[in-house]
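The listed protein sequences correspond, in order, to chains R and U. Everything in the first sequence is counted per this note's numbering, starting at 908 for the first residue and increasing by one. Everything in the second sequence is counted per this note's numbering, starting at 908 for the first residue and increasing by one. Cβ coordinates follow ideal geometry from the N, Cα and C atoms, glycine included. What you are looking at is a predicted structure, and each value in this text was computed from that prediction instead of being measured.
Number of protein chains: 2
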Amino acid sequence: MFDSAQLPKIVAMALILLAASPAAAEDGHRLWLRYDPVETPLRQRYAAHVSELVIDAHGPMANAAASELKRGLSGLLAQSIPARAQVDRDGAVIVALAGSPELRLLHLRTSGLGTEGYAIRSATLDGHTATVIAANSERGLLYGTFALLRRIQTHQSLVQLNLRDAPALSLRMLDHWDNLNGFVERGYAGKSLWDWGALPQHVDRRYSDYARANASIGVNGAVLNNVNASAQILTPAYLRKVKALADTFRPWGVRVYLSARFSAPIEIGGLKTADPLNLAVRRWWRAKADDIYRLIPDFGGFLIKANSEGQPGPQDYHRSHAEGANMLADALRPHGGVVLWRAFVYASSDKDRAKEAYDEFKPLDGEFARNVIVQVKNGPVDFQPREPFSPLFGAMPHTPLAMEVEITKEYLGFNTHLAYLGTMWEEVLKSRTARPNPASIVADSLSAMAGVANTGTDRNWSGSQFDQANWYAFGRLAWNPRASSRAIAEEWARMTWGNDPRLVATVVRMMMSSRQAVVDYMTPLGLAHQMGTGHHYGPAPWVDDQQRAEWNPVYYNRADSNGIGFDRTATGSNAVAQYAPPIAMRFANLRTVGDDYLLWFHHVPWDFPMPSGKPLWHELIARYDRGVATVDAMAQTWASLQAYVDPERFQDTADYLRIQGQEARWWRDASIAYWQSVSHLPLPAGVRPPEHALAYYKSLSFPEAPGQ
Amino acid sequence: MFDSAQLPKIVAMALILLAASPAAAEDGHRLWLRYDPVETPLRQRYAAHVSELVIDAHGPMANAAASELKRGLSGLLAQSIPARAQVDRDGAVIVALAGSPELRLLHLRTSGLGTEGYAIRSATLDGHTATVIAANSERGLLYGTFALLRRIQTHQSLVQLNLRDAPALSLRMLDHWDNLNGFVERGYAGKSLWDWGALPQHVDRRYSDYARANASIGVNGAVLNNVNASAQILTPAYLRKVKALADTFRPWGVRVYLSARFSAPIEIGGLKTADPLNLAVRRWWRAKADDIYRLIPDFGGFLIKANSEGQPGPQDYHRSHAEGANMLADALRPHGGVVLWRAFVYASSDKDRAKEAYDEFKPLDGEFARNVIVQVKNGPVDFQPREPFSPLFGAMPHTPLAMEVEITKEYLGFNTHLAYLGTMWEEVLKSRTARPNPASIVADSLSAMAGVANTGTDRNWSGSQFDQANWYAFGRLAWNPRASSRAIAEEWARMTWGNDPRLVATVVRMMMSSRQAVVDYMTPLGLAHQMGTGHHYGPAPWVDDQQRAEWNPVYYNRADSNGIGFDRTATGSNAVAQYAPPIAMRFANLRTVGDDYLLWFHHVPWDFPMPSGKPLWHELIARYDRGVATVDAMAQTWASLQAYVDPERFQDTADYLRIQGQEARWWRDASIAYWQSVSHLPLPAGVRPPEHALAYYKSLSFPEAPGQ
C-alpha cells in the first residue's frame, strides 16, 4: 500500500488531516463502521486469521461484500489484505455462494439460511486454515461480511467459528418522513438526505454511505418519502431521481419503496376520482406500477397513509381500507411488490383513540390481498415514551403485520435527549399477547418491521452521537426481534466508542437507564401525550383547547381533584377488552396492571396506595425526581469518560446532556405545578417546589420548534 | 510534533483516514484554507522565511491570528513551527501591535493602516532576518496573518516584502436569510448553519469554522437571520443563543447583527402599535437595545426590511423610512450600533419598478441619523444576472450607502450552475455614476458592502465547489471594491484547486466566462426577471397572470409582434432620468446604450440592426446559443482537468456542469419558443429549433423547487 520512500509524504498528509483540517475532527460521521486499528497484541491474533481474501462470488452485492471486507479488515488490522484467486496460505477469509467448490469440499450446508442468512465457519481447505462466509445469496454474503467484521470490531474471537444466522423477518425497512422540499417531518438531524434538485445527475456519496450503513445492520428496504405524501414523487421526473437512488442502494441490498398519495390519480393523473373500484383509477395505478418497474425492476412497493390525519383514502369513496389496499396490491402483484398499509387511524370523535385502529382493522382480517402488509404502530396511540403494545398484534392471524416504531425521537426529547430506544422496542416485542397461544409474544405476530428514520444531512447522520444507537438497534432488532437490547447496546458501544471495558460498561449502563428516565420526567406511571401542541417540545399537560378532543393532553391525563389517569377498563372506555382475556384481566386490575401502565388503563385517586407504600401523589412526584436524577447521573457518568473519548464527541454528548438536564427539570417542574393546581395537594415534605409558577410554564411558546 | 517511534501508528492512522474513512474524502469542507504542503523545492524556499513564530500581541483576535499562523504554516511547510518569546534565528515571523518594541526598532509605522489594516515587511532584527506582520489592532494582525498565508498558498515570494493594506469599506458583512426553523430562504446549500435548538448550550464547531473563513477574506459582520424576520429573535431566549454565536465569532473579528422586525414591539412587546414616533415604542426599542448590549457588548446593529413585500414598517403609521430608521438608530447610538435600512421597495402599482427605490429614498437624503446606512441592491430591480447599477449610488451624498449583492444564486441557476459573480460585482462597482464627479464610480459612493450569504450545512458550505468562489470574491471585493475580479479568481483557484499553471489558467478562464454565459442563456441583451414564478427556477417568459404587474415576466420583456424590451427612455418610463445626465444620455441612446443594457432601457424592433450586422431577432437567438456553447465548453474544459483534481470534487463539478448544460438548453429552447410565438418570425437558417413545443415548456411545474 505504500513504500518507505513515500513515508514522509504520508506522514505529512496524516499530520495535515489530523491537525490542520476540520475534516479530521471526530464528528461521528463514520457511525459504527469506524474500522480503526485494533490494538496489539489482539491485532496480531486476528491477523493470523486474516491473511488473504478469496472471493468466490460475483455480482454487485458480492462485490460490495468484498470491498467492505477489504476496507474493514485493512483498517482493523492496519495492513493491506491481498485478494487471491484461491487459498494459498493459512488464514484466508473465503466468501462463497452455495454450490461453490469450496463449500462442497467443506460439506458446508446452507440449507435453512434462506435467501438472506449466512454461515461463518472456521475450516481447513487445501491444508490451510481458513474462515468461510457462506450463503445462498449475495445478500447473505453481505450480511455475513458485516457479521465477521463486527466480531473483530467488538473484540470477539475468530477461533473455531461455527455461526449461522438468518433474519426472522423478511422486511426490515426505514420509513423516511422526508418531504420533496428537503424538510424532514419530525426530523432533528438536518435536511433530507435526498437532494432531489441535483438528482439524478448528481449522485451524492452519502447515498451509498447510507445504504452501506443499512446493510451493516440488515436493513433491506427504504421508503424514501413522507407518508404525508406529495403525488409529485410518482411523476416521471421524480421517478428518474428515485431510480438513481435505487441503483445506488442496490449493491448494498436495500430496495426502494415510495409513499404513494392515494389521490395521485387526480393530482397527477388528470382523473376526476381516486375511487379504488373505478376502472380508470385501477388502470392508472397499474400503468404507474408498470412505469416504475421498467425503471426499477426490484422496486419494493408502496407505503400508504390513508384516511388518517387528513390524508385522502378509500373511505372518501365509501370503500374500506382493504378495498383501497387491494387495488394497489393488484397493480404491484405482477412485479412482486407489496403494499404497506398503515393502521394509524383515529377518525371518530367520541371513541377512545386507543381503540380506533383495532376496531377499524380487526374486522378486515382476511380481506387484504396477499401482498398487503398492515403496518401497526407499536402502541395503540402514537409513539409515546411508553405505551402498552397495540392490541392488533396477534389479533389479525390472516394478515401479515409490520410493526412501525419511531426511531426519530418526536416524543422523547428530540435529538438532544439521550434515550436508547432498544429497551423500549424489546419491551414491546417481548410483550405477551397470548394470541394465538398463551405464550405468544408480539414478535411472533410480525412479518416486518419499519422504523421511522432519524437520519438527515447532519454530519453525525442522526442528530446526536447517541441517536446513532437507535438506528443501529432498530436494524438489529428487526433482524432478530428476540435479541437482547442490552447485548445490542454493548455491541454498538464497542463499535462506536471503543472496547475498553470501563468505557463499554459505563456507556451501556447509561443507555439502559436512559429511556426509563425520559418516561419518568415526561410521562411517568402510564401517562401519555403530555407534550406541547403540534411540535411536541416540552410539557403542556394543561392544554385543553385543541380542535379535536384527542389532541389535548387533558384528554389523556384526565386529571381532576379526585385523581389522574384514563379509565380504559369496563367502567371506562373498555379498551382493555381488545386484548386477549388473560392480558385484559391483568391490565384491568389495579393490583396487577403494574406501574408502567397504571394511568394508561386506570383513573386513580391521588391517595391510592402504591406498592412503594406511598400514595400516588407522592409516588408521581418521586418519579419525576427519579427521572431528573437519572439524567444528572448520566451527565456525571459521562464526565468520568473524558479520558476515554475523543474531545469532539465527548463535548457533543456533554452539551446535549446539559440540555437534557435542563429540560428534564422543566418537564418535572411544569408537570408538578400543573398537577398541583388540579389536585390541590401540598408537596410532600422535602420535595423541591417548581422553580416557577404554573402561569410561567403556560406562557412559554415555541413557534420555531424543529421538526414541524 | 512526532518522533520516529510513533511513525507506524501515524502511518496507520493516515491510511485509515485516507483509505477507509468517508471523512477523508475531498468534500470541499476546508474551503480555500486547505494548507496542504507546498511541493519542494518551493517549500524549502519558504521554510527559510518561516523558522519560528514570535507573537507580541495578546487578546482573543491576536491569539486567533497566532493559532492560524501555526496551523497554516505547519500545514503548508509540513513541519511544526515553534513559538518563541523573541527572535533567536533567521526566518522568524513576528506578529506585533503598534507600539511594540519590535516595530519601534524597525521604525515600522502603522499610521494610515486604520483599525483594520496591516503591514507585512521583511526586516532584520537583532541580526536575524524576519518577516513582520504589524497593525494598529488585533483585527489588523488577523487580516495580516491571512494575507501572509495567502501569499504562500498562492506561491508568491516572501522576499523583500513591503506590503500595506487596509479595507476601503469599514463594514463588510454577510446577510443570512435564515429562518429560525432552519430553512434558508433562497438557500441552496442545506439548512441554516445556526442550530437554534441546541444553542446556547451546544456551540457547534462549524460556527468558529465559519467565522474563521470570514476572517480570512475580511468579512467583519454577519446578520444572522432573514430580513423577512421573526420577532422571536429578539426574545431573551433567542438573544442568549445569539450571544453564544457572538462569543464564538468575536476572536475572528466578526460582529453579530440581527434583522429586526419592525412590528416586534407588538408581537413580543405587548404594545398596540409599532409607530416609530410613539414614546412607548421608542422606549421599548431602547430597552431592547440595552438588553442586547448587556449580553453582546460589540453587537453590530439591526438590518431592516420595512414596507417591502408585505413586511411591516413605518409607512403603516404614515411615517417615513427615515423616521423609522432614526428611531432604531436612537436606540442603538449609545452603544455604537448601526441601522442598515434596506432601500428594496416597490409598492406603487403603476410606476416602473426600476424607479421606485430611487424615487422613495433620494428625497430622504440628509434625513437619516448618522448611524443609519441605507442598503441598496446593486441594480434597480432584484439581483438579476445583469442589471445596470442602481441610480441611488452617487445620488445620496449625505447618506452612507451599503451595496447589497446576492451571493446565493437565486436568479443565476441556484447551486448547480457555475457562475462566478466576481465579474458581475466588479462590473457594478466600476460603473461610472458621474456623481459627484464626472469620473466617479459606484465604489466611490459606498460605505459598506453586504452579501446575501450562500452558506448552509452542506459539507461544501456553499452548495457547490465553485460557489465557494462567490463567498470568497465577495469578501475580497468588499475589502477592496477596486480589485480585479480576475485576480481574485486566480487567487481563489490557486488556494482551492492548486497552483499548477495549466489548472489555474483553465479554472480562471472558466470562471471569467461563466456569468456572461448565464446572462446569455437566461436573459440576454438586457432582459431581466424571466424566471419561473416564486421559485425562480427555469424559464417562464410567458407568465402574465401574477397578482402584481411587476411580478410577471411579460412586464419586463414587453415582447410583442413589433419588438421586445422595456422602454425606460423619455418615451417610456423615463427611468434613465434617474441617472446623472451623461450616463442617462448614454443609456437613452440606442446607439450608445450597448448590448448589455439594450432591452433593459429600450423596446427594440425585431429587425433592429445590431452592431454585429444581424437583426435583433437573429442576434437574440445567437446569444442563447452562445450561452449554451459556453457551458458546453466549460464541461469539456473541466473534463480535461481530471488529472489535476481529486476525484470527488472533480465529479461534483462535472455532475453539476451536466445539469447546467441541460438547463441552459431548456432556457434557450423555452425562451426561443416563446419569443417566436410572439414575433411570428422564422428561425434563422441553421438554427436548431426548440426541442419541444411551447406548450410543453409552459406545462412544466416545480412545486418543490428549493429555496422557497
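Identity of the residues DSSP links to residue i by a beta bridge
| i | result |
| --- | --- |
| T1403 of chain R | T1403 of chain R pairs with nothing; no bridge assigned. |
| D1072 of chain U | U:Y1025 |
| M1080 of chain R | R:G1128 and R:A1357 |
| F1609 of chain U | BP columns for F1609 of chain U are empty, so no partner. |
| M1303 of chain R | The partner list for M1303 of chain R (beta bridge, DSSP) is empty, contrary to what the question assumes. |
| E1311 of chain U | U:K1284 and U:A1357 |
Of the residues the options, the one placed nearest residue i, counting alpha carbons only
| i | options | result |
| --- | --- | --- |
| P1241 of chain U | U:D1205, U:G1217, U:N1214 and U:G1231 | U:D1205 |
| R1595 of chain R | R:A1026, R:L1497 and R:I1579 | R:I1579 |
| A1484 of chain U | U:I1059, U:P1304 and U:L1299 | U:L1299 |
| V1411 of chain U | U:D1154, U:A1394, U:T1476 and U:I1140 | U:A1394 |
| G1520 of chain R | R:A1536, R:F1508 and R:D1502 | R:D1502 |
| K1195 of chain U | U:T1180, U:T1155 and U:L1239 | U:L1239 |
| A955 of chain R | R:V961, R:P1008 and R:A1037 | R:A1037 |
| V1091 of chain U | U:L1325, U:P1518 and U:F1321 | U:F1321 |
| R1190 of chain U | U:I1203, U:L1146, U:G1176 and U:R1201 | U:G1176 |
| A1360 of chain R | R:L1146, R:Q1543 and R:V1130 | R:V1130 |
| R1112 of chain R | R:T1155, R:T1476 and R:L1020 | R:T1155 |
| Y1265 of chain R | R:P1292, R:M1303, R:Q1375 and R:P1512 | R:M1303 |
C-beta contact flag for residue i and residue j at 8 Å
| i | j | result |
| --- | --- | --- |
| L1271 of chain R | H1228 of chain R | yes |
| V1279 of chain U | N1233 of chain U | yes |
| A1138 of chain R | V1110 of chain R | no |
| Q1282 of chain U | R1260 of chain U | no |
| Y1327 of chain U | M1438 of chain U | no |
| L983 of chain R | V1039 of chain R | no |
| N1088 of chain R | P1613 of chain U | yes |
| A999 of chain R | E1045 of chain R | no |
| R1093 of chain U | G1382 of chain U | no |
| P967 of chain R | E1023 of chain R | no |
| S1255 of chain U | A1456 of chain U | no |
| T1537 of chain U | A1424 of chain U | yes |
| W1524 of chain R | D1514 of chain R | yes |
| N1377 of chain U | I1314 of chain U | yes |
| A1042 of chain R | A1005 of chain R | yes |
| D1397 of chain U | E933 of chain U | At residue 1397 of chain U the sequence reads Glu, which differs from the Asp that was named. No. |
Simplified DSSP state of residue i, which is helix, strand or coil
| i | result |
| --- | --- |
| S1123 of chain U | helix |
| L940 of chain R | coil |
| T1031 of chain R | strand |
| A957 of chain U | A small correction: the amino acid at residue 957 of chain U is Val; Ala does not occupy that position in the sequence shown. If DSSP states are grouped into helix, strand and coil, V957 of chain U belongs with coil. |
| G1501 of chain U | coil |
| A1042 of chain R | strand |
| M1517 of chain R | coil |
| R978 of chain R | helix |
Check: residue i C-beta below 7 Å from any heavy atom of the ligand FAD
| i | result |
| --- | --- |
| A954 of chain R | With respect to the ligand FAD, the structure offers nothing, as it holds no ligand at all. |
Test: residue i CB closer than 8 Å to a CB of chain B
| i | result |
| --- | --- |
| R1565 of chain R | In the displayed structure, chain B is absent; the protein chains listed are R and U. |
- Touch check for the region 1417 to 1434 of chain U and the region 1527 to 1534 of chain U: three-plus C-beta pairs under 8 Å? yes
Q. For the 8 Å Cβ check, are there 3 or more pairs between the region 1094 to 1101 of chain U and the region 1357 to 1376 of chain U?
A. yes
**Prompt:** Taking contact to mean at least 3 C-beta pairs separated by less than 8 Å, is the region 1112 to 1130 of chain U in contact with the region 1061 to 1068 of chain U?
**Reply:** no
- Are there three or more Cβ pairs, one per stretch, closer than 8 Å when the region 1566 to 1575 of chain U is compared with the region 1538 to 1550 of chain U? yes
Self-check item: Three or more C-beta pairs below 8 Å linking the region 1332 to 1350 of chain R and the region 1286 to 1296 of chain R
Solution: yes
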